[in-house]
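This report concerns only the one structure given below.
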């Protein structure tokens, strides 16, 4: 018996191995290089498009790192509680209020943390090692030159790279940009993604359903996953399974970077997307040895990538994770981040077909990974799932250690 | 010599161990329980406030999982390519277009994936195991009862919990909510956070600086970290170091859940926050054996938590990570997530004082963790850092394995 259950319905002439399918995507995709400037907070999580460079030395001047007295170190030589040095306080330097005086031998300037060290002084005596008596400060401890001082440029040098192009901007990075007066950062534009659910029986969430109709649920999970992956995502109303309609839609949506059709469970839609893409552009890969996700289609129309996802709920989510998230990564130039844990499989996995890559959801319980996955048509394949395992050829056995990717 | 460099300036009468300081916070904080309904996409990453329950069985009816013919299994007994069963096709069932006929012995109904199984039928023969000849379908293979069918309620049962209260809503969860017609999900409100930079010398980013002035950079990194931790975050203009002004401000901001003052590097601000909080509410902890971060203050005014962060750039970011992120976790009821890697320390860490908890930024290179941290006053303590290590009492040695928390 032929196991090609899609035979006749899906013109999936030649299934590709998952790795080869992904290689076809990777080769076709060039990162989107359009750039925009965004505010500091908006830049977090985006990919930096050009190096953020320090405009000036930091600190810009010699600065006190603690409260105390700016002095010439040589004036404190041998100073102790018993034999304090006595210096004349000639001024006070506060952050934002630098002083113009020059410190000579026998003199001191009171400084607050962050205040500029006046000319002539080379060190700061901590306030707790001093006592002020009228105009004189008694210094109870010796200091070495440059003690308790940050030298000009000792923190950041003009021209230094603060945020490197191609890296994802992190919360702590924007403090570095801000200290150099940057209000905005150049980042790559988010790829614009349009999700189009199809199927005669598919209605928008919240609509009144007639018997036999279902809600468009797939779009939401797919959209949220793609937004998480850096996309600017929009969901369209469900489209009827109609070749002309699908073709007309494909013509119209080429302003987007990525268009994702999700087949209704009704027959036809996946074919129609394939036919429309063949006619208006090129199908680059159709059919993959991935379970679930076999009928997945990848093509290009003009500069727009078009993907056809299978309509079964577990398939559409699994293919989004396994195929579209890497695709988004290549499109955004964003490095892949892994969130994985190790666990021990609690039961054998059976029915594994050689050459296929399997995506199976699992629940984590006391270090055990329990398979939650039921079938491509079941929502419950994701119910209570903490993550998923991926394997190929060899069926993992009970007691085996597996890497669980967290959802 | 006393090492209490803040003596006299900061009324930090009794430093708490980091663990005790955090315990004081944890005991004071009750999660914010105000609830709001938000759209599915907005719900992702938020904490679910009440169980999302299945309203009805899924699938609502017996459904074909593949294209084929709905039949009585007994009619296919012994069928083969040589001796096919021949059944009369009486109707077609498509998703969204159920049929009213009943299948009797000798009859079949063409079904598409997702279509309802008509009464009388108990299984589906896959289309590739059939051939249609006029009104008759030749069935080339035997099927067992319930083959290629999802029974009503076999996926999800009415009343089943789809998203559990108290968990963070994930992308795949919203597909489950959508399939049951939920357009919105109840989530806990985000804590509202106000960040107030202080310091006479501190100017908003982009302002024209006079000599000795600096940009408010700390607020941005702190704000982005707290937004990442689930807060609705606002940054106020920098405030002058003035007790009356700070007191008047504390009076005004009690509509927020959390107010974070960031001390300018100028003297005074941290004291003033402490004085104002003591007067209008209660200081719950002030001073922690944390490096950097020693002068951190935690108090309450009415229902508002007030935090005073040290103004040095590396301190404000470190304390946000070490103190405010857990605080936000308790406030939002959100579980802590770890992103860590193991690495080998590339050089000894020295100068560790017993009882203190240390936060030290590191760069990762070929499995090695190289300390990047320089001092609390240096922005460059975070420049090029991939993560940070935390340790107490024992100074980690070169070659030792350390857990690096990624930034």
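Protein chains in written order, with the UniProt record's numbering: chain A, 1 to 407; chain B, 1 to 407. We put the beta carbon where it would ideally sit given N, CA and C, even for glycine.
Cβ distance (whole Å) where residue i is taken to contact residue j below 8 Å
i: residue 289 of chain B; j: residue 15 of chain B; result: 5 Å
i: residue 31 of chain A; j: residue 332 of chain A; result: 7 Å
i: residue 275 of chain A; j: residue 296 of chain A; result: Not really, about 16 Å apart at Cβ, beyond 8 Å.
i: residue 55 of chain B; j: residue 158 of chain B; result: 7 Å
i: residue 93 of chain A; j: residue 111 of chain A; result: 5 Å
i: residue 221 of chain B; j: residue 263 of chain B; result: In fact, because the Cβ distance is near 15 Å, the residues do not count as touching under 8 Å.
i: residue 367 of chain A; j: residue 343 of chain A; result: 6 Å
i: residue 383 of chain B; j: residue 40 of chain A; result: With a Cβ gap of about 16 Å, residue 383 of chain B and residue 40 of chain A do not count as contacting.
i: residue 404 of chain B; j: residue 341 of chain B; result: 5 Å
Cα-Cα separation, residue i to residue j
i: residue 365 of chain B; j: residue 167 of chain A; result: 16 Å
i: residue 254 of chain B; j: residue 199 of chain B; result: 21 Å
i: residue 9 of chain A; j: residue 109 of chain B; result: With a pLDDT of only 40 at residue 9 of chain A, under the threshold of 50, the placement of this residue in the model should not be trusted, and no figure is reported.
i: residue 395 of chain B; j: residue 190 of chain B; result: 39 Å
i: residue 205 of chain A; j: residue 57 of chain A; result: 56 Å
i: residue 293 of chain B; j: residue 311 of chain B; result: 9 Å
i: residue 67 of chain A; j: residue 323 of chain A; result: 58 Å
i: residue 393 of chain B; j: residue 20 of chain B; result: 15 Å
i: residue 261 of chain B; j: residue 374 of chain B; result: 24 Å
i: residue 79 of chain B; j: residue 69 of chain B; result: 14 Å
i: residue 316 of chain A; j: residue 273 of chain B; result: 53 Å
i: residue 52 of chain B; j: residue 164 of chain B; result: 7 Å
i: residue 408 of chain B; j: residue 142 of chain A; result: Outside the displayed range of chain B (1 to 407) lies residue 408 of chain B, so it cannot be described from this structure.
i: residue 233 of chain A; j: residue 388 of chain B; result: 34 Å
i: residue 334 of chain A; j: residue 228 of chain B; result: 18 Å
i: residue 305 of chain A; j: residue 259 of chain A; result: 6 Å
i: residue 196 of chain A; j: residue 239 of chain A; result: 7 Å
i: residue 99 of chain A; j: residue 183 of chain A; result: 30 Å
i: residue 117 of chain B; j: residue 61 of chain B; result: 8 Å
i: residue 250 of chain B; j: residue 271 of chain B; result: 14 Å
i: residue 201 of chain B; j: residue 287 of chain B; result: 24 Å
i: residue 326 of chain A; j: residue 325 of chain B; result: 30 Å
i: residue 105 of chain A; j: residue 402 of chain B; result: 49 Å
i: residue 27 of chain A; j: residue 131 of chain B; result: 41 Å
i: residue 301 of chain B; j: residue 49 of chain B; result: 27 Å
i: residue 44 of chain A; j: residue 63 of chain B; result: 46 Å
i: residue 363 of chain A; j: residue 346 of chain A; result: 10 Å
i: residue 148 of chain B; j: residue 22 of chain B; result: 57 Å
i: residue 125 of chain A; j: residue 81 of chain A; result: 13 Å
i: residue 203 of chain B; j: residue 235 of chain A; result: 42 Å
Sub-8 Å separation of residue i and residue j beta-carbons
i: residue 156 of chain A; j: residue 225 of chain A; result: no
i: residue 381 of chain A; j: residue 361 of chain A; result: yes
i: residue 97 of chain A; j: residue 212 of chain B; result: yes
i: residue 84 of chain A; j: residue 127 of chain A; result: no
i: residue 285 of chain B; j: residue 376 of chain B; result: no
i: residue 256 of chain B; j: residue 192 of chain B; result: yes
i: residue 150 of chain A; j: residue 65 of chain A; result: yes
i: residue 59 of chain A; j: residue 152 of chain A; result: yes
i: residue 338 of chain A; j: residue 390 of chain A; result: no
i: residue 298 of chain B; j: residue 25 of chain B; result: yes
i: residue 47 of chain A; j: residue 188 of chain A; result: yes
i: residue 407 of chain A; j: residue 170 of chain B; result: yes
i: residue 35 of chain B; j: residue 185 of chain B; result: no
i: residue 231 of chain B; j: residue 328 of chain B; result: yes
i: residue 119 of chain A; j: residue 102 of chain A; result: yes
i: residue 247 of chain B; j: residue 279 of chain B; result: yes
Chain-ordered chain C contacts of residue i [CB-CB under 8 Å]
i: residue 149 of chain A; result: No chain C is part of this structure, whose protein chains are labelled A and B.
Could you tell me which whole beta strand (DSSP E) segments of length 3 or greater appear in the segment 304-369 of chain B? Those beta strand (DSSP E) runs which fall completely within the segment 304-369 of chain B and span 3+ residues are 304-309, 340-345 and 357-365.
At what residue ranges does the segment 27-72 of chain B contain a whole run of the beta strand (DSSP E), taking only runs of 3 or more? 35-39 and 68-71
So does the segment 171-190 of chain B actually touch the segment 213-220 of chain B, counting three or more Cβ pairs closer than 8 Å? no
Runs of 3 residues minimum, wholly inside the segment 213-246 of chain A: which ones carry the beta strand (DSSP E) assignment? 232-235
Could you check whether the segment 129-136 of chain B touches the segment 85-93 of chain B, counting it as contact only if at least three pairs of C-beta atoms, one from each stretch, sit closer than 8 Å? yes
Every unbroken alpha helix (DSSP H) within the segment 146-171 of chain A, with a cutoff of 4 residues, ordered by chain: When DSSP assignments are scanned along the segment 146-171 of chain A, no uninterrupted stretch of alpha helix (DSSP H) that is 4 or more residues long falls wholly within it.
3 or more residues per run - each beta strand (DSSP E) lying fully within the segment 80-130 of chain A: 85-93, 107-111 and 123-126
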